[in-house]
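Everything on this sheet refers to the single structure shown next.
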Amino acid sequence: MISGLAPVAPYGHVCWAYDDPAVFEHRARHFLAEGLAAGERVWYVATGSPERVVERLRGSAGFSEALRRGAAQVVALGETYPGGVVDPLGQLQRYAAATDEAVAAGYAGLRVAADATRLVRTPAQLAAFARYEHAVDRYMRIRPLSAMCGYHRAELGDRTVAALACLHPVNNVAEVLFRLYACAPGDGAAALAGELDVFSHQQFATALEHADLSPVGGELVVGAGELRFIDHHCLTQLRDYAGGRAATAVLRTQRTAAARLVELLGLTGLRVEAVR
Numbered sequence: 031m032i033s034g035l036a037p038v039a040p041y042g043h044v045c046w047a048y049d050d051p052a053v054f055e056h057r058a059r060h061f062l063a064e065g066l067a068a069g070e071r072v073w074y075v076a077t078g079s080p081e082r083v084v085e086r087l088r089g090s091a092g093f094s095e096a097l098r099r100g101a102a103q104v105v106a107l108g109e110t111y112p113g114g115v116v117d118p119l120g121q122l123q124r125y126a127a128a129t130d131e132a133v134a135a136g137y138a139g140l141r142v143a144a145d146a147t148r149l150v151r152t153p154a155q156l157a158a159f160a161r162y163e164h165a166v167d168r169y170m171r172i173r174p175l176s177a178m179c180g181y182h183r184a185e186l187g188d189r190t191v192a193a194l195a196c197l198h199p200v201n202n203v204a205e206v207l208f209r210l211y212a213c214a215p216g217d218g219a220a221a222l223a224g225e226l227d228v229f230s231h232q233q234f235a236t237a238l239e240h241a242d243l244s245p246v247g248g249e250l251v252v253g254a255g256e257l258r259f260i261d262h263h264c265l266t267q268l269r270d271y272a273g274g275r276a277a278t279a280v281l282r283t284q285r286t287a288a289a290r291l292v293e294l295l296g297l298t299g300l301r302v303e304a305v306r
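Those letters in the sequence shown? Residues 31 to 306, per our numbering, in order.
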């Protein structure tokens, strides 16, 4: 388990914001070591020279033998994420093929650690990569792929890091109060956790656009079993987002306050369903 975070197995998609690149590499090694112990193939996606990363990893317990037999691999960032702006579908297909290849070779799955800072520097890069983050998050729910995504706070700024962190089920960014991530298959378009309050309005709207959620049967179902609070403004945002996709928003939550707010405000196009 990564220190300070909840367990990431069996479904792991971690955002790790960092200030010191050496700290991220240290965390990434632990994350990948967990994968080796679980019988997974692991990739370290290097932003610099892969050869230098290989040399550093050879000095870490368990990695030298794994590198020799191909269980651990160091791959270049540009080869793993080609182009200046990521193609969300194309990138997902590349990781799906790599996951299938790992499983076919006898591994339990594929685990990746990548510093993605260079991939989200511009608004166009951020929008494309954020959409990819949610798409790959959905894929991880059904196939044995897990990942740790690193983002350099000093280079990107708090707003960009928060926009990415909130799309991960696990992150180390204390300022991010909510998370919007993939549901288990059949449980809805997405899951919400944490708190959605007055400080979350803009970030929530951006997260919804980045996630690009798809209704099913005229309903946009959001599982909110781990959502502690949602204010009326965010409820309206969710309603309007679903309405823009010709759907009714359905919020499944344990919190009765959300249903009372919907009733008091007379919000149409939004239904709250109680879950245990």
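Built from N, CA and C at the ideal position, the CB exists for glycine as well.
Remember, predicted model here, so these are calculated numbers, not experimental data.
task = Go ahead and pull the three-state DSSP assignment for Pro40.
result = Here the model assigns Pro40 a pLDDT of 42, short of 50, so the residue's position is not dependable, and the following value carries that caveat. Reduced to three states, the DSSP call for Pro40 is coil.
task = Assign Glu151 to one of three DSSP states: helix, strand, or coil.
result = Sequence inspection shows Arg at residue 151; the Glu mentioned does not correspond to that position. For Arg151, the secondary structure class from DSSP, reduced to helix, strand or coil, is coil.
message = My assumption, with CB atoms under 8 Å, is that Leu268 sits in contact with Ala288. Please give the rounded CB distance.
response = Contact between Leu268 and Ala288 is absent: CB atoms are separated by about 10 Å, not below the 8 Å threshold.
query = Using CA coordinates, which residue listed in Tyr211, Pro51, Val53 and Arg258 is at the minimum distance from Ala241?
reply = With distances taken between Cα atoms, Ala241 lies closest to Tyr211.
ask   = What did DSSP end up calling Gly180 once you bin it into helix, strand or coil?
value = Looking at Gly180 - three-state DSSP - the assignment turns out to be strand.
query = Does the distance from the CB of Gly224 to the CB of Phe208 come in under 7 Å?
reply = With contacts defined as CB atoms closer than 7 Å, Gly224 and Phe208 qualify as a contacting pair.
ask   = Buried or exposed: which applies to Leu119, given that a residue is buried once 16 or more other Cβ atoms fall within 10 Å of its Cβ?
value = It counts as exposed.
Proximity below 7 Å, CB of Ala96 to CB of Arg71 = One thing to note: Ala96 has its Cβ no nearer than 7 Å to the Cβ of Arg71.
message = Restricting to Cα atoms, I'd like to know which of Val191, Asp167 and Ala160 is closest to Gln126.
response = The sequence as given places Ala at residue 126; Gln does not occur at that position. Checked all of Val191, Asp167 and Ala160; the closest Cα to Ala126 is Asp167.
task = Compute the Euclidean distance between the alpha carbons of Ala52 and Glu81, then round it to the nearest angstrom.
result = Roughly 17 Å separates the two Cα atoms.
inquiry  = One question on the structure: do Val280 and Glu239 come within less than 7 Å of each other, judged by their Cβ atoms?
reply    = Not in contact: Val280 and Glu239 (Cβ atoms no closer than 7 Å).
Proximity to Asp261 [Cα-Cα], best of Val252, Gln123 and Leu226 = Comparing alpha-carbon positions, the option among Val252, Gln123 and Leu226 lying closest to Asp261 turns out to be Leu226.
message = With three or more beta-carbon pairs closer than 8 Å as the criterion, would you say the segment 40-49 touches the segment 101-110?
response = The segment 40-49 is not in contact with the segment 101-110.
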